[in-house]
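Colleague:
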Amino acid sequence: MNQENDQELNGVNNDNRNERDHLEGFNPSAAHRFDYTLQDNENRENYKNEAKLVDYGTNWFPICGVSAVCFPEQQLPMKFDEDEQELYDRLVASARANGFVVLFPSDIRECDTLPYVATLSKVVQANPQTFSMELMGVHRCKVLSYNLENGEAFVQLLPEVEIPALLPKHLPKYSRRYSMYERRSLATRITGYPFDSLRDISRNQAEQCCLELKGMIGEEILQQALNRGLTYFSYFISQQIFSNRETEYSLLKEDSANTRIAAALKYCKVSIGKCRRCFAPIFLNENIMRLPEQTMTHVIAHGFVHKITLLSSITNYVRASAPSYEFTWFPDYAWIIIQCVGCHQHLGWEYMSMTREPQRFFGIQREGVQFENDIAEERDDDNSDPTESSDSLSDEESD
Ligand SMILES: [Zn+2]
Numbered sequence: 001m002n003q004e005n006d007q008e009l010n011g012v013n014n015d016n017r018n019e020r021d022h023l024e025g026f027n028p029s030a031a032h033r034f035d036y037t038l039q040d041n042e043n044r045e046n047y048k049n050e051a052k053l054v055d056y057g058t059n060w061f062p063i064c065g066v067s068a069v070c071f072p073e074q075q076l077p078m079k080f081d082e083d084e085q086e087l088y089d090r091l092v093a094s095a096r097a098n099g100f101v102v103l104f105p106s107d108i109r110e111c112d113t114l115p116y117v118a119t120l121s122k123v124v125q126a127n128p129q130t131f132s133m134e135l136m137g138v139h140r141c142k143v144l145s146y147n148l149e150n151g152e153a154f155v156q157l158l159p160e161v162e163i164p165a166l167l168p169k170h171l172p173k174y175s176r177r178y179s180m181y182e183r184r185s186l187a188t189r190i191t192g193y194p195f196d197s198l199r200d201i202s203r204n205q206a207e208q209c210c211l212e213l214k215g216m217i218g219e220e221i222l223q224q225a226l227n228r229g230l231t232y233f234s235y236f237i238s239q240q241i242f243s244n245r246e247t248e249y250s251l252l253k254e255d256s257a258n259t260r261i262a263a264a265l266k267y268c269k270v271s272i273g274k275c276r277r278c279f280a281p282i283f284l285n286e287n288i289m290r291l292p293e294q295t296m297t298h299v300i301a302h303g304f305v306h307k308i309t310l311l312s313s314i315t316n317y318v319r320a321s322a323p324s325y326e327f328t329w330f331p332d333y334a335w336i337i338i339q340c341v342g343c344h345q346h347l348g349w350e351y352m353s354m355t356r357e358p359q360r361f362f363g364i365q366r367e368g369v370q371f372e373n374d375i376a377e378e379r380d381d382d383n384s385d386p387t388e389s390s391d392s393l394s395d396e397e398s399d
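Numbering follows full-length UniProt numbering, with no gaps: position 6 of the sequence shown is 6.
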């Protein structure tokens, strides 16, 4: 995954070089590289907090709210505005001091009250000239309290759980010589927990996720993710689902890789995307596409992260800006802001190129659309507080 990402970065930026030449104070030859935050003689492995990570202890770390859910092993590029220098400096200083930053999704209501689940992340690379940095999710943690003045949070690390990995804890020593099948059925008899079937169920569900997403992500990449184990796969698949940030946060909170995969599976199946506000149909799942060098998460000002879905064609939209090449996410493509034809909600961007194939595609912001599986879930959820939906609507309108 890392390797692939490096290739993506290089590919994108080589092509971007000419375009960026005009930027003042910008060294185009270095544009494709981030400067490492750490000095050559600093070794992240030696930080004293590393020991506590293993012990699932608690500690204070700098905290940063972002408009995204960051999963462990997820790379999160961030771009800051000039008025955010203080935050930028604080995060870089943290990388030097102890290596970690607590990232939490700032627009999830649950994160307003303690405790909530966040992601301990490390600054992988940073470039002070461009105010950009790249963070990588490392571990889930629970935020127990925070100190606003210092911008720090007191967190406890959460363990990664895979059901089959729990097995030995429930078995007497003599069963070591048993076959795996016998061990699982013995554990089921002792605990009443379905050890004997859960592993196969998770494997089966993971393979179904692969089946749903292979057209978009590619079979090989999915298989590689699966080969890295259920925990890694559960986070990988959580980054790829078609839903909103609340759902992503609920996946982050799942106690085990097994239940996370099961929960993510239904969001891998998408049939139709509709405008979140007026429900005008915008696209069908067969329009979802993937560019070779696509990264799914993009960042613009204020540390905002926009997760977009790429589509070959959409309906019910209007253009709301002139084409522009400025700060384009896709080299050689100009972007045009697009809105819903019915309610003029911002949907995302249309991308057009004179030189590249495809000549035209669309990037839809996931927050602006509602997928049919979200709607089905809301229908199921009859007990929900009726004020909740009207509240979230007014939040959107105030944007
Ligand atoms: Zn609309």
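Idealized CB from N, CA, C, for every residue including glycine. Predicted model only: the values in this text are computed from it and were never measured.
1. Is the Cβ-Cβ distance between Lys142 and Val123 less than 8 angstroms?
2. First and last residue of the alpha helix (DSSP H) that includes Lys253?
3. Can you find the residues in the same chain that come closer than 7 angstroms, C-beta to C-beta, to Val69, ignoring five residues on each side of it along the sequence?
4. Exposed or buried, which one is Met180 when buried takes at least 16 other CB atoms within 10 Å?
5. Please enumerate, following chain order, all residues with a beta carbon closer than 6 angstroms to at least one heavy atom belonging to ligand 1.
6. In the DSSP assignment, what residue or residues form a beta bridge with Ala118?
7. Mapping DSSP to helix, strand and coil, what is Met78?
8. Excluding sequence positions up to five away, which residues of its chain have a Cβ less than 6 angstroms from the Cβ of Glu372?
9. Return helix, strand or coil for Lys214, following the three-state DSSP convention.
10. Under three-state DSSP, which class holds Met180?
11. Let's test the definition: count the other Cβ atoms within 10 Å of the Cβ of Ala257 and tell me whether it reaches 16, buried, or not, exposed.
12. On the DSSP letters alone, give me the boundaries of the beta strand (DSSP E) that Lys274 sits inside.
13. Should Glu372 be flagged as near chain C, meaning a C-beta pair shorter than 8 angstroms?
14. Start and end of the alpha helix (DSSP H) containing Ala257?
15. If I'm right that Glu152 touches Trp60 with Cβ under 8 angstroms, what's the distance once you round it to whole angstroms?
16. With distances taken Cα to Cα, identify the nearest neighbour of Leu230 among Ala187, Ser175, Ala264, Met136.
Modeller: So, to answer that:
1. Start at 1 with the first residue of the sequence shown, and residue 142 comes out as number 142. Start at 1 with the first residue of the sequence shown, and residue 123 comes out as number 123. Not closer than 8 angstroms, so no.
2. As a first step, residue 253 must be located in the sequence shown, where it is residue number 253. Where Lys253 is concerned, the enclosing alpha helix (DSSP H) stretches over 245 to 253.
3. The sequence position of residue 69 within the sequence shown is 69, counting from 1. Taken in chain order, the residues that qualify are Pro105, Arg245, Glu248, Tyr249, Leu252.
4. Start at 1 with the first residue of the sequence shown, and residue 180 comes out as number 180. Met180 comes out exposed.
5. Taking each Cβ in turn, the ones that pass are Cys275, Arg277, Cys278, Ala280, Cys340, Gly342, Cys343, Gln345.
6. Here residue 118 is taken as the residue at index 118 of the sequence shown, counted from 1. In the DSSP secondary-structure assignment, Ala118 is bridged to Cys141.
7. Within the sequence shown, numbered from 1, the residue matching residue 78 stands at position 78. Met78: strand per DSSP, three-state reduction.
8. The residue labelled residue 372 in the question sits at position 372 within the sequence shown. Contacts found: Ser271, Ile272.
9. As a position in the sequence shown, residue 214 is number 214, starting the count at 1. In the structure shown, Lys214 adopts helical secondary structure according to DSSP, grouped into three states.
10. Walking along the sequence shown from the start, residue 180 turns up at place 180. Looking at Met180 - three-state DSSP - the assignment turns out to be helix.
11. Position 257 of the sequence shown, counted from the start, is the residue given in the question as residue 257. Label assigned to Ala257: buried.
12. Within the sequence shown, numbered from 1, the residue matching residue 274 stands at position 274. Its beta strand (DSSP E) spans residues 272 to 275.
13. Of the chains in the structure shown, none is chain C; there is only one protein chain.
14. On the sequence shown, residue 257 is found 257 positions in, with the first residue counted as 1. Looking at the DSSP string, the run of the alpha helix (DSSP H) that includes Ala257 is 257 to 268.
15. Position 152 of the sequence shown, counted from the start, is the residue given in the question as residue 152. Position 60 of the sequence shown, counted from the start, is the residue given in the question as residue 60. Between Trp60 and Glu152 the Cβ distance is about 5 angstroms, and since that is below 8 angstroms, they are a contact.
16. Within the sequence shown, residue 230 is the residue found at index 230, counting from 1. Considering only Ala187, Ser175, Ala264, Met136, the residue with the shortest C-alpha distance to Leu230 is Ala264.
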